[in-house]
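*Asks:* In the order they appear, the protein sequences are chains A and B.
For reference, each letter of the first sequence is one residue, going 0 to 148 in numbering that gives the first Met the number 0.
For reference, each letter of the second sequence is one residue, going 0 to 664 in numbering that gives the first Met the number 0.
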Amino acid sequence: MKRKHKRLTFVGIALLLLAAAAALILAAFEENIVFFFSPTDILAQKPTPDRRLRLGGLVEEGTVTKPKGGVITFRVTDTAQTVPVSYKGILPDLFREGQGIVAEGRYINNVFVADEVLAKHDENYMPPEVAEAIKKSGQWQGKEKVKTK
Amino acid sequence: MSAELGHFALILAMLIAAVQATLPLIGAQRNMPTWIAIANPTAYVQFFLTTLAFGCLIHVYLISDFSVVNVVQNSHTDKPILYKIAGSWGNHEGSLLLWVFILALYGAAVAAFGRNLPPAFKARVLSVQAMIALGFYTFMLLTSNPFERVFPAPLNGQDLNPLLQDPGLAIHPPMLYLGYVGFSIAFSFAIAALIEGRVDAAWARWVRPWTLAAWIFLTGGITLGSWWAYYELGWGGWWFWDPVENASFMPWLAGTALLHSAVVVEKRDTLKGWTVLLAIIAFSMSLLGTFLVRSGVLTSVHAFATDPSRGVFILALLVTVIGGSLALFAWRGPQLKSTGLFQPISREGALLLNNLIMTTALAAVLLGTLYPLFIDVIGGAKISVGAPFFNAVFLPLMVPMIVAMAIGPFMNWKRGDILPALGRLRFTFLFALVAGAAAWSVETDGPFMGVIGIALAAWLGAGVIAEISERIHLFRAPLPESMRRLGRIPRSTWGMSFAHFGLALAIAGMAGAGGWKVESIQTMKPGETVNVGGYEYTFEGAQEGQGPNYTILFGKFTVRKDGEVFTVLEAEKRNYPVTRMPTTEAAIHTTLMGDLYAVIGDAEGDEGAYVTRIYYNPLVVWMWIGCIVMMFGGTLSMTDRRHRVGVPHKRQHSSASSDPVSSTS
Numbered sequence: 000m001k002r003k004h005k006r007l008t009f010v011g012i013a014l015l016l017l018a019a020a021a022a023l024i025l026a027a028f029e030e031n032i033v034f035f036f037s038p039t040d041i042l043a044q045k046p047t048p049d050r051r052l053r054l055g056g057l058v059e060e061g062t063v064t065k066p067k068g069g070v071i072t073f074r075v076t077d078t079a080q081t082v083p084v085s086y087k088g089i090l091p092d093l094f095r096e097g098q099g100i101v102a103e104g105r106y107i108n109n110v111f112v113a114d115e116v117l118a119k120h121d122e123n124y125m126p127p128e129v130a131e132a133i134k135k136s137g138q139w140q141g142k143e144k145v146k147t148k
Numbered sequence: 000m001s002a003e004l005g006h007f008a009l010i011l012a013m014l015i016a017a018v019q020a021t022l023p024l025i026g027a028q029r030n031m032p033t034w035i036a037i038a039n040p041t042a043y044v045q046f047f048l049t050t051l052a053f054g055c056l057i058h059v060y061l062i063s064d065f066s067v068v069n070v071v072q073n074s075h076t077d078k079p080i081l082y083k084i085a086g087s088w089g090n091h092e093g094s095l096l097l098w099v100f101i102l103a104l105y106g107a108a109v110a111a112f113g114r115n116l117p118p119a120f121k122a123r124v125l126s127v128q129a130m131i132a133l134g135f136y137t138f139m140l141l142t143s144n145p146f147e148r149v150f151p152a153p154l155n156g157q158d159l160n161p162l163l164q165d166p167g168l169a170i171h172p173p174m175l176y177l178g179y180v181g182f183s184i185a186f187s188f189a190i191a192a193l194i195e196g197r198v199d200a201a202w203a204r205w206v207r208p209w210t211l212a213a214w215i216f217l218t219g220g221i222t223l224g225s226w227w228a229y230y231e232l233g234w235g236g237w238w239f240w241d242p243v244e245n246a247s248f249m250p251w252l253a254g255t256a257l258l259h260s261a262v263v264v265e266k267r268d269t270l271k272g273w274t275v276l277l278a279i280i281a282f283s284m285s286l287l288g289t290f291l292v293r294s295g296v297l298t299s300v301h302a303f304a305t306d307p308s309r310g311v312f313i314l315a316l317l318v319t320v321i322g323g324s325l326a327l328f329a330w331r332g333p334q335l336k337s338t339g340l341f342q343p344i345s346r347e348g349a350l351l352l353n354n355l356i357m358t359t360a361l362a363a364v365l366l367g368t369l370y371p372l373f374i375d376v377i378g379g380a381k382i383s384v385g386a387p388f389f390n391a392v393f394l395p396l397m398v399p400m401i402v403a404m405a406i407g408p409f410m411n412w413k414r415g416d417i418l419p420a421l422g423r424l425r426f427t428f429l430f431a432l433v434a435g436a437a438a439w440s441v442e443t444d445g446p447f448m449g450v451i452g453i454a455l456a457a458w459l460g461a462g463v464i465a466e467i468s469e470r471i472h473l474f475r476a477p478l479p480e481s482m483r484r485l486g487r488i489p490r491s492t493w494g495m496s497f498a499h500f501g502l503a504l505a506i507a508g509m510a511g512a513g514g515w516k517v518e519s520i521q522t523m524k525p526g527e528t529v530n531v532g533g534y535e536y537t538f539e540g541a542q543e544g545q546g547p548n549y550t551i552l553f554g555k556f557t558v559r560k561d562g563e564v565f566t567v568l569e570a571e572k573r574n575y576p577v578t579r580m581p582t583t584e585a586a587i588h589t590t591l592m593g594d595l596y597a598v599i600g601d602a603e604g605d606e607g608a609y610v611t612r613i614y615y616n617p618l619v620v621w622m623w624i625g626c627i628v629m630m631f632g633g634t635l636s637m638t639d640r641r642h643r644v645g646v647p648h649k650r651q652h653s654s655a656s657s658d659p660v661s662s663t664s
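1. Please work out which residues of its chain come closer than 8 angstroms, Cβ to Cβ, to H171(B), disregarding the five sequence neighbours upstream and downstream, and give them in chain order.
2. Quick check: what's the CA-CA separation for N144(B) versus V68(B)?
3. Following the continuous beta strand (DSSP E) through K87(A), name the residue where it begins and the one where it ends.
4. Near K65(A), what residues of its chain come up, given a Cβ to Cβ distance below 7 angstroms and the 5 sequence neighbours on each side ignored?
5. Between G113(B) and the rest of its own chain, which residues show a CB-CB distance below 7 angstroms, the 5 nearest in sequence each way excluded?
6. When you compare each of T492(B), M629(B) and A597(B) to W234(B) by their alpha carbons, which one comes out closest?
7. Can Q157(B) and Q72(B) be called in contact, C-beta distance under 9 angstroms?
8. Just to confirm, are Q545(B) and K555(B) a CB contact at a threshold of 9 angstroms?
9. I need the DSSP call for T305(B), collapsed to helix, strand or coil.
10. Looking at chain A, which residues of the region 593 to 608 of chain B have a Cβ within less than 7 angstroms of any of its Cβ atoms?
11. Whose Cβ in chain B lies nearer than 7 angstroms to the Cβ of L16(A)?
12. Note down, one range per segment and in chain order, each alpha helix (DSSP H) of at least 4 residues found wholly within the region 2 to 73 of chain A.
13. Counting only beta-carbon atoms, is I100(A) nearer than 9 angstroms to chain B?
14. Given a limit of 9 angstroms on CB to CB distance, which residues of the region 247 to 280 of chain B reach chain A?
15. A212(B) to P395(B), Cα distance in whole Å?
16. Provide the residue span of the alpha helix (DSSP H) that contains H58(B), from first to last.
17. Apart from the five residues on each side of it in sequence, which residues of its chain come closer than 7 angstroms, Cβ to Cβ, to N39(B)?
18. Count the other CB atoms, across all protein chains shown, that sit within 10 Å of the CB of F373(B); report buried if there are 16 or more and exposed otherwise.
19. Using a Cβ distance threshold of 8 angstroms, determine whether the region 76 to 87 of chain A contacts the region 35 to 42 of chain A, with at least three qualifying pairs required.
20. Given 8 angstroms as the limit, is there contact between the region 120 to 140 of chain B and the region 158 to 170 of chain B, that is, 3 or more CB pairs closer than that?
21. Which residues mark the beginning and the end of the alpha helix (DSSP H) in which H472(B) is found?
22. If contacts are defined as beta-carbon pairs under 8 angstroms, then R207(B) and A2(B) qualify, I think. What distance do you get, rounded to the angstrom?
23. For the beta strand (DSSP E) that D416(B) lies in, which residues bound it at each end?
24. Compute the Euclidean distance between the alpha carbons of I35(B) and P118(B), then round it to the nearest angstrom.
25. Helix, strand or coil for T443(B) per DSSP?
26. Just to confirm, are R470(B) and I488(B) a CB contact at a threshold of 9 angstroms?
27. Expressed to the nearest angstrom, what Euclidean distance is found between the alpha-carbon atoms of K747(B) and D92(A)?
28. Tell me which residue opens and which closes the beta strand (DSSP E) that N245(B) is part of.
29. Please list, in chain order, the chain B residues whose beta carbon lies closer than 7 angstroms to that of L54(A).
30. Taking only the alpha-carbon atoms, compute the straight-line gap between T582(B) and F474(B) and give it to the nearest angstrom.
31. Grouping DSSP H, G and I as helix and E and B as strand, with all else coil, what is S661(B)?
32. Which of the residues in the region 22 to 33 of chain A, read from start to end, lie with their CB under 8 angstroms from any CB of chain B?
33. Let's test the definition: count the other Cβ atoms within 10 Å of the Cβ of M410(B) and tell me whether it reaches 16, buried, or not, exposed.
34. Determine whether the beta carbon atoms of A102(A) and F111(A) lie at a separation below 9 angstroms.
35. Among the candidates H642(B), S187(B) and N90(B), whose CA atom is the shortest distance from the CA of L24(B)?
36. For M284(B) and chain A, any beta-carbon pair shorter than 9 angstroms?
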């Protein structure tokens with residue numbers, strides 16, 4: 000092979016790899032991007048159960064109940080709307096009423112069935128999406144700059 | 000006093016860095032030996048001053064000086080001494096001080112151990128090093144001074160985030176930073192080479208030990224972080240493709256590619272521009288990692304110390320360093336002429352394939368990490384890209400890579416032959432098939448990727464052993480002859496073998512834990528039993544206890560296998576009164592086949608029942624062992640004869656300036 004051909008071989012392999020990666024990425028993006036919803040968004044758009052999504056908001060005071068079998072239910076609010084959530088498992092250490100959380104799961108029969116609940120490990124923390132969702136709902140009363148230590 | 004002394008030392012260090020960044024560089028450009036000679040002493044003095052500053056910060060933590068804001072926010076008199084020290088770097092300001100401290104440490108190490116470097120080249124390296132430092136000193140002194148005072152001083156502090164009060168996490172940041180910042184040396188060498196317009200075998204040999212050191216520490220840092228997440232977060236997982244994890248993984252990918260391409264520069268005098276570019280990319284990824292972790296731009300479960308207002312400064316720093324170095328590369332890079340011919344089927348071809356796959360994987364991880372940020376900035380929807388995306392993209396890319404990894408070392412330089420190499424791997428191939436079949440037979444409708452992973456781990460592990468056997472002519476030559484050959488294998492080759500073998504072990508662990516994890520969540524009353532992964536867990540109830548600065552809830556499980564008591568697990572839930580935060584301490588019993596893992600949750604009802612989470616994580620320990628073996632391999636390679644100080648190198652670096660040490664060869 001001539002030098003030029005060799006270089007072409009490498010460029011060819013590199014392009015092939017990039018194309019394969021691009022195909023993988025596009026296919027994966029299609030299925031695996033998770034959109035963020037506030038309670039208001041959920042009630043307005045009524046997403047179908049085949050979509051995985053993230054729900055963010057504050058855990059409404061006095062709504063956490065623990066029926067049998069390790070299932071926990073509570074309501075998540077952006078202070079304008081609320082959505083009931085059910086979750087089976089151990090909640091993160093900092094899960095509390097009034098605290099901002101993000102839950103990941105599906106919206107099935109008007110209940111958000113979460114398989115993962117994230118709470119930030121700081122009691123003053125509010126996930127940026129939650130803060131924005133609350134601001135959007137026009138109920139924002141907190142400090143303008145959320146402490147994000 | 001300490002705080003003022005530390006602050007003053009930092010300001011002095013910044014001024015020294017300004018001198019170090021300019022005078023030696025000008026001296027090297029104009030060939031003025033007296034100016035070149037400034038590089039070494041300034042590097043030492045800068046190191047001394049940052050050590051002093053860092054020592055002062057640790058001191059104010061040790062004496063709990065609550066007139067310093069940083070101590071108030073991150074410490075408490077009741078805290079154990081280890082976490083008082085670790086608290087000094089467990090926050091934004093302190094971690095930056097640690098960053099520049101390590102940067103200065105590496106600079107001083109180059110000054111001290113780089114005796115065989117031509118003085119002009121070394122001066123340029125140290126100047127570039129000081130430019131980076133200058134950026135970080137400015138950032139610290141303007142926006143994030145760790146020595147800021149508060150008046151009136153509060154009586155006690157707010158305590159360190161309890162999650163961070165853990166021995167693994169106390170040494171995780173220094174380890175990770177030794178890795179991140181270590182790539183600054185490869186970067187400075189690359190920039191200095193671009194300024195000189197020359198990259199040769201000697202350059203590759205100089206860069207190698209520093210890159211290896213950074214790689215070893217980064218491997219260790221990532222492993223520690225992963226191990227911490229595994230036992231502390233109580234989710235039974237060890238890698239979440241969280242942006243902060245990706246931030247440490249991206250420099251690792253780039254650094255691994257750099258290690259492999261530098262070998263090609265050294266042996267074959269080609270791939271020069273590419274190697275320089277990889278050095279720039281590796282350090283850029285380190286800076287990007289700092290940016291992602293410290294600026295709070297990404298939503299992340301790890302966002303411990305974030306402040307968006309500082310992000311702008313880091314972003315500017317990032318743009319200057321990456322943009323500047325890439326511009327320099329575009330300008331000077333074409334001058335780096337390669338002499339070696341290049342055959343696709345050869346050792347260098349295999350190394351290049353490694354590089355192509357590594358950088359493709361890096362690009363995929365980078366895209367997945369930054370994409371949500373990008374969409375957010377252009378005003379699109381709020382999205383998150385999680386583990387399913389990364390698994391779907393990253394894992395398929397790794398399959399051809401692992402396959403090629405076993406074949407590559409069988410190839411000759413210049414012109415290899417693929418068929419004989421494959422012939423020598425026939426037993427390896429059989430072994431991989433058997434291992435894959437065995438993994439499949441455990442659970443025939445089990446995870447596909449798990450089976451592939453086990454087969455690949457067997458292929459790579461057996462491939463490494465086949466390569467060593469081939470090298471020493473095992474069974475082809477008399478045994479004493481083979482032993483003699485074994486003794487003559489250079490350390491760098493052992494290093495490669497160990498690193499590859501370690502990866503094989505780690506892949507086995509990842510495949511096992513990723514593929515066959517058993518998880519069971521339930522409410523258990525005392526005396527109740529559940530069966531998880533072939534073990535019976537009986538809940539014995541929970542008790543209260545007292546730790547040094549927290550209260551504990553112990554949940555006790557007796558584990559039986561086939562009716563016999565196998566072990567007793569005590570899972571803890573700790574509550575830290577100062578921060579009013581609980582943490583989970585999973586109870587883990589490790590066996591070679593898998594980890595028994597139990598977590599206790601909240602009380603339910605008033606009959607002493609608790610929510611419990613029990614996992615069986617197969618082969619997890621292989622992952623940790625594999626990572627340690629990889630680090631050991633890196634260490635072996637670093638101590639190879641040709642890197643040792645004072646050993647004269649074969650090829651002269653034909654520098655215009657004279658070098659008394661290297662001219663002895």
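Every residue, glycine too, gets a C-beta built ideally from N, C-alpha and C.
*Replies:* According to the structure shown:
1. In the second sequence, residue 171(B) corresponds to position 172, counting from 1. Excluding positions up to five away in sequence, the list reads G220, L223, G224 and W227.
2. On the second sequence, residue 144(B) is found 145 positions in, with the first residue counted as 1. On the second sequence, residue 68(B) is found 69 positions in, with the first residue counted as 1. A direct Cα-to-Cα measurement between N144(B) and V68(B) gives close to 10 angstroms.
3. Taking the first residue of the first sequence as position 1, residue 87(A) is located at position 88. Taken as a continuous stretch (DSSP letters only), the beta strand (DSSP E) holding K87(A) covers T81 to K87.
4. For the purposes of this step, residue 65(A) is identified with residue 66 of the first sequence, where counting begins at 1. So the list reads I71, once near-sequence residues are dropped.
5. By one-based count along the second sequence, residue 113(B) stands at place 114. So the qualifying residues of the chain are K121.
6. As a first step, residue 234(B) is located in the second sequence; it is residue number 235 there, counting from the start. The shortest CA-to-CA distance from W234(B) to any of T492(B), M629(B) and A597(B) is the one to A597(B).
7. Position 158 of the second sequence, counted from the start, is the residue given in the question as residue 157(B). Position 73 of the second sequence, counted from the start, is the residue given in the question as residue 72(B). Their beta carbons are under 9 angstroms apart, which means Q157(B) touches Q72(B) by this criterion.
8. Here the question's residue 545(B) lines up with position 546 in the second sequence. Here the question's residue 555(B) lines up with position 556 in the second sequence. No, they are not a contact pair.
9. In the second sequence, residue 305(B) corresponds to position 306, counting from 1. Below a pLDDT of 50, predicted positions are generally treated as unreliable, and T305(B), at 49, falls in that range; the measurement from the model is reported next regardless. Of the three classes helix, strand and coil, the one that applies to T305(B) here is coil, per DSSP.
10. The region 593 to 608 of chain B vs chain A, Cβ under 7 angstroms: V598, G600 and E603.
11. Within the first sequence, numbered from 1, the residue matching residue 16(A) stands at position 17. Those within 7 angstroms of L16(A) in chain B are L355, I356 and T359.
12. If we require 4 residues or more, the alpha helix (DSSP H) runs fully inside the region 2 to 73 of chain A come out as 2 to 31 and 38 to 44.
13. Here residue 100(A) refers to the residue found at position 101 of the first sequence. Taking Cβ atoms only, chain B never reaches closer than 9 angstroms to I100(A), which makes this a no.
14. Of all residues in the region 247 to 280 of chain B, none comes within less than 9 angstroms of chain A when Cβ atoms are compared.
15. For the purposes of this step, residue 212(B) is identified with residue 213 of the second sequence, where counting begins at 1. For the purposes of this step, residue 395(B) is identified with residue 396 of the second sequence, where counting begins at 1. If I take the Cα positions, the gap works out to 29 angstroms.
16. Residue 58(B) sits at position 59 when you count from the first residue of the second sequence. Its alpha helix (DSSP H) spans residues A38 to L61.
17. Along the second sequence, one-based indexing puts residue 39(B) at 40. These residues qualify, in order along the chain: A110.
18. By one-based count along the second sequence, residue 373(B) stands at place 374. Under this definition F373(B) is an exposed residue.
19. The region 76 to 87 of chain A makes contact with the region 35 to 42 of chain A, as at least three CB pairs between them are under 8 angstroms.
20. In this structure the region 120 to 140 of chain B does not lie against the region 158 to 170 of chain B, because fewer than three pairs of beta carbons, one per stretch, are closer than 8 angstroms.
21. The residue labelled residue 472(B) in the question sits at position 473 within the second sequence. Note, H472(B): premise wrong, no alpha helix (DSSP H); not H, not E.
22. What you label residue 207(B) is simply residue 208 of the second sequence in a count that begins at 1. What you label residue 2(B) is simply residue 3 of the second sequence in a count that begins at 1. That pair is no contact at about 41 angstroms.
23. Stepping through the second sequence from its first residue, residue 416(B) is reached at position 417. From DSSP, D416(B) is part of no beta strand (DSSP E); its letter is neither H nor E.
24. Residue 35(B) sits at position 36 when you count from the first residue of the second sequence. Residue 118(B) sits at position 119 when you count from the first residue of the second sequence. If you draw a straight line from the Cα of I35(B) to the Cα of P118(B), it comes to about 7 angstroms.
25. Here residue 443(B) is taken as the residue at index 444 of the second sequence, counted from 1. In the structure shown, T443(B) falls within a coil segment according to DSSP collapsed to helix, strand and coil.
26. On the second sequence, residue 470(B) is found 471 positions in, with the first residue counted as 1. On the second sequence, residue 488(B) is found 489 positions in, with the first residue counted as 1. Taking the C-beta atoms as reference points, I488(B) is found nearer than 9 angstroms to R470(B).
27. The question about residue 747(B) has no answer, for chain B in this structure spans 0 to 664.
28. The residue labelled residue 245(B) in the question sits at position 246 within the second sequence. Residue range P242 to R267 is occupied by the alpha helix (DSSP H) that includes N245(B), with no beta strand (DSSP E) assigned at that position.
29. Within the first sequence, the letter at position 55 stands for residue 54(A). What L54(A) touches in chain B: nothing, since even the nearest Cβ is about 11 angstroms away.
30. Position 583 of the second sequence, counted from the first residue, corresponds to residue 582(B). Position 475 of the second sequence, counted from the first residue, corresponds to residue 474(B). So the two alpha carbons sit approximately 56 angstroms from each other.
31. Taking the first residue of the second sequence as position 1, residue 661(B) is located at position 662. Caution is warranted here: a pLDDT of 36 is assigned to S661(B), below 50, making its placement in the model unreliable, and the coordinate value is therefore given only provisionally. In the displayed model, S661(B) falls within a helix according to three-state DSSP.
32. When CB distances to chain B are screened at a threshold of 8 angstroms, the residues of the region 22 to 33 of chain A falling below it are L23, I24, A26, A27, F28, E30, N31, I32 and V33, in chain order.
33. Translated into positions along the second sequence, residue 410(B) becomes position 411. Its Cβ being crowded by 16 or more others within 10 Å, M410(B) is buried.
34. For this step, residue 102(A) is matched to residue 103 along the first sequence. For this step, residue 111(A) is matched to residue 112 along the first sequence. Between A102(A) and F111(A), the C-beta gap is smaller than 9 angstroms, which places the two residues in contact.
35. Position 25 of the second sequence holds residue 24(B). Checked all of H642(B), S187(B) and N90(B); the closest Cα to L24(B) is S187(B).
36. Here residue 284(B) refers to the residue found at position 285 when the second sequence is read from its first residue. It does not; no Cβ of chain A falls within 9 angstroms.
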